[in-house]
Amino acid sequence: MDFFKGSDLRFNLKNSYKKIVAVMVQFGSMLKAYFFRVLEKIQAFKNYLKDLFFSFPLRRKLSIIIGGVVFIVIVVLSLIFQQTEKGLLESKLEEICNLTVQYLSSYDIKDNLLMRNHDEIKLSVLYVKQKNITGLDYAWVINRDGQCIAHTNIKLTEGNQNLFTEEESNFLLGLKETTAIENATHYEYYYPIFATSKDADGQRKDVFLGVAGIGFSKEVALAPIHEARKIIYTIAIFVTIASILGIYFLSDRMVKQIQEISAGARQIGRGNLDIKISVKSTDELGQLAHEFNNMAMHLKEKLHMQKFVSPITRKMIKRYLFSDGHPEISQHREVALLFSDVRDFSGFSQRHDPETVVKVVNIYLDLQARIVEQNFGAVDKFMGDQVMAVFEGVNRHVHLFNAAVSIQKSIRTLNQQRQKLSQDILTVGIGINIGPAVIGNIGSKDRMDYTVVGDVVNLASRFCDMAKSGQIITSTQLYNQIQSHFPAENLGSIKIKGRAEAVEICAIEY
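My numbering applies: residue 1 is where the sequence shown begins, and numbers increase by one.
This is the structure in C-alpha cells:
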C-alpha cells in the first residue's frame, strides 16, 4: 500500500508540475502578445504623428521645426547658465558662511565658552544678526554638552531648552571640521570650536568647546537664480514666438512663390503657354521662377515653330534624338504624293491687296491641310499657293485618292457658301502619284530641308500643273494598278520633259 501511495504522490507531483509549466507558457504567450500589441499601438501612434506632421502646410512645418529648435536651444543654454550661476552663488554663499561661522568661533567666543560667559556669546550672535547679511535666518552656538547657549532668536535660549534631538546633538558634538548641510528650506553651516592646551607631558591637544552654526534661507539665496530663470524663460518664449512668426511670414512668401509656380505648371499642362510667374526675389525660388518663365517661353517658341515644320521633319528630328546623333542620311521608300495648286492665283493677287490675298489663300490651305491629316497624310510643305502632301503606310493609295476627292468636294462646298456671301472664291487643280522615292536631308550643312525627292515627285508636280480647276489628274497606269472605286476619264498621252516615253493620264471623277 505504501508503494502505491508513493506512486500516486509522484504522479500528482508530475501532473502539478505539467500544469504549472502549461500555465507559465500560457502566461508567457499572453505577455508576449500584449507586448506586441503595445508595440503596434506605439508604432501606429508614431505613424499617425508622422502623417499628421507631413500633412501640415509647408509654412506650419517650418514654423514648428524652427520654433522648436530655437526653444530647445534657449532652454538648454539657460539650464547651463543656471547651473553655472548656481555654482558661483553657492561658492560665494559658502565663503560668506565660512567667514560668519569663523567669526562666531573667534578667540572671544572661545574665551567666553571657557569662562562660561554666555551673555557675551549672546551679544556676539546678535551682532552677527544685526549685520543684515542677506539670507541669514539664524545663528547659534552650543556648548560641549549640546546645550544652545546663544541664538539669534533669544526666546530659544530661555529655560535651558535643548533645540536638537539626541541624534542631532551627537552629530554636532562629533564634528571635527566645518560641515555644510542642505535641507528643504536652508543651507546650514556648522563650525566646531576647539581650544588648544598642553597636557601634563607638554603635548599640545585640542579641547572641544562647542559648535557654532548658521542657517541661510534657500529661498532668499536662490532668489537671483529664480529671477534669472523667469527672465530667461520669458525671453525664450518671446524669442520662440518671434522666430515662429518670422519663419511663418518668411515661409508664407516662399510658399506663395511655390504655389504660383505650381499653378503655372498646371496652366502649362492645360496648354496655356502665355503664363508668366512674377519673380519676387533673387534667391533660389526667384531663380526657379525665372527658369520657369524661360521654360514656358521656349515651349511657346517650340509650339509656334512646329507650325513651320512638317510632320515628316518632326519624325526625322525624333529619330535623330533617339539615334545618338547619327541617323540615316536618307531612306528609300514607296510613297504616295499629292500636289495641289490654286488656279489663276496671279490674277487674283493682282486684283486684291496682299492682306486679302494671304487671308483668303490661308482659308483654302488650312482646309486642304486638315483633310490631308484626316486621311493619315502629312503636309510636307506649303510653296506659296501650292500644297505638297505625303502619304505612307499599307493603305497609302486609298488615303491618297480619298484625300484628293475630299479636297475638291470640300472646296466646291466652301465656294458655294462664299458665293452666297459675295466673298472671293478660289479653285485648285490636283496631281497625285505613287512610287519609290528618297526621303532625306536636302540642302547645305547650315540650312537643310527634310523632304521627298525622286521621279515620282516630279510626275505628281507635272500632273498638278496640267490639272484644271476642280480636276484630279494621275497616270492611267497607276489608276489601273490600284483599282480605285472612283471612275476616271482618260485624257490621252502627254509628253513630259525629261522622259523618253509619253505618259498616259486620266482625270478622277467624283
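Where a beta carbon is used, it is the ideal one built from N, C-alpha and C, also for glycine.
- Annotation: the continuous alpha helix (DSSP H) that includes Phe401 extends over Arg396 to Lys420.
- Only residues of its own chain outside the window of five on either side were considered, and among them Cys506, Ala507 and Glu509 have a CB closer than 7 angstroms to the CB of Glu489, listed in chain order.
- Relative to Leu245, the option among Glu504, Lys18, Thr476 and Arg60 whose CA is nearest is Arg60.
- Counting only residues of its own chain and dropping the five nearest sequence neighbours on each side, Gly393 has a CB closer than 8 angstroms to the CB of Phe376 and His399.
- Taking a 10 Å sphere around the C-beta of Thr157, we find 16 or more other C-beta atoms and assign the residue as buried.
- In this structure, the straight-line span from the alpha carbon of Gln386 to that of Ala296 is close to 34 angstroms.
- Residue pairing by DSSP places Val428 opposite Val342 in a beta bridge.
- Rounded to the nearest whole angstrom, the CA to CA distance from Lys205 to Asp119 is 27 angstroms.
- By the neighbour-count criterion, in which a residue is buried when 16 or more other Cβ atoms sit within 10 angstroms of its Cβ, Ser469 is exposed.
- Sorting Leu62, Ala369 and Leu426 by C-alpha distance to the C-alpha of Thr356 places Leu426 at the top.
- Secondary structure note for Asp206: it is in no alpha helix (DSSP H), and the uninterrupted beta strand (DSSP E) holding it is Arg204 to Ser217.
- The three-state secondary structure of His290, taken from DSSP, is helix.
- Counting only residues of its own chain and dropping the five nearest sequence neighbours on each side, Ile407 has a CB closer than 6 angstroms to the CB of Gln368 and Ile371.
- The beta carbon of Ser340 sits closer than 7 angstroms to those of Gln368, Gln386, Val387, Ile407, Val428, Ile430 and Cys464, all from its chain and outside the five residues before and after it, given in chain order.
- Within the model, the alpha-carbon separation for Glu182 versus Glu188 is close to 6 angstroms.
- The continuous alpha helix (DSSP H) containing Glu355 extends over residues Pro354 to Gln374.
- In the three-state reduction of the DSSP assignment, Thr185 falls in the coil class, being assigned neither a helical nor a strand state.
- Within the same chain, Cβ atoms closer than 7 angstroms to the Cβ of Val360 are found at Asp424 and Leu426, the five residues on either side in sequence being excluded.
- Excluding the 5 residues flanking it on each side, Leu365 has same chain C-beta neighbours closer than 7 angstroms at Phe382 and Val387, in chain order.
- With 16 or more other CB atoms across the displayed protein chains lying within 10 angstroms of its CB, Leu285 is buried.
- Val390 is a Cβ neighbour of Ala378, given a cutoff of 7 angstroms.
- Positions of the alpha helix (DSSP H) runs, each at least 4 residues long and wholly inside the region 459–501, are given as 476–482 in order along the chain.
- Put simply, the region 226–235 does not touch the region 44–54. Fewer than three CB pairs are less than 8 angstroms apart.
- Distances from the alpha-carbon of Ile363 to those of Leu338, Phe401, Val335 and Asn415 put Asn415 closest.
- Counting the other Cβ atoms within 10 Å of the Cβ of Asn480 gives fewer than 16, which makes it exposed.
- For the pair Arg333 and Ile439, the CB atoms are nearer than the 7 angstroms cut-off.
- Take the alpha-carbon of Gly174 and the one of Ala221: they are about 28 angstroms apart.
- When secondary structure is reduced to three states using DSSP, Ile42 falls in the helix class.
- Non-local beta-carbon contacts of Ile142 in its own chain, meaning distances under 6 angstroms to residues more than five positions away in sequence, involve Cys148, Gly210 and Val211 in chain order.
- In the structure shown, Ser278 falls within a coil segment according to DSSP collapsed to helix, strand and coil.
- Nearest to Lys155 by C-alpha distance, out of Tyr138, Leu113 and Glu167, is Tyr138.
- Closest by C-alpha distance to Ile193, out of Ile482, Gln471, Ile121 and Ile96, is Ile121.
- For Asp145, no alpha helix (DSSP H) run applies, since DSSP gives it neither H nor E.
- Following the DSSP letters along the chain, one finds Gly377 inside the beta strand (DSSP E) bounded by residues Gly377 to Met383.
- For Lys198, DSSP records a beta bridge to Arg204.
- DSSP places Phe36 in the helix class (H, G or I) of the three-state scheme.
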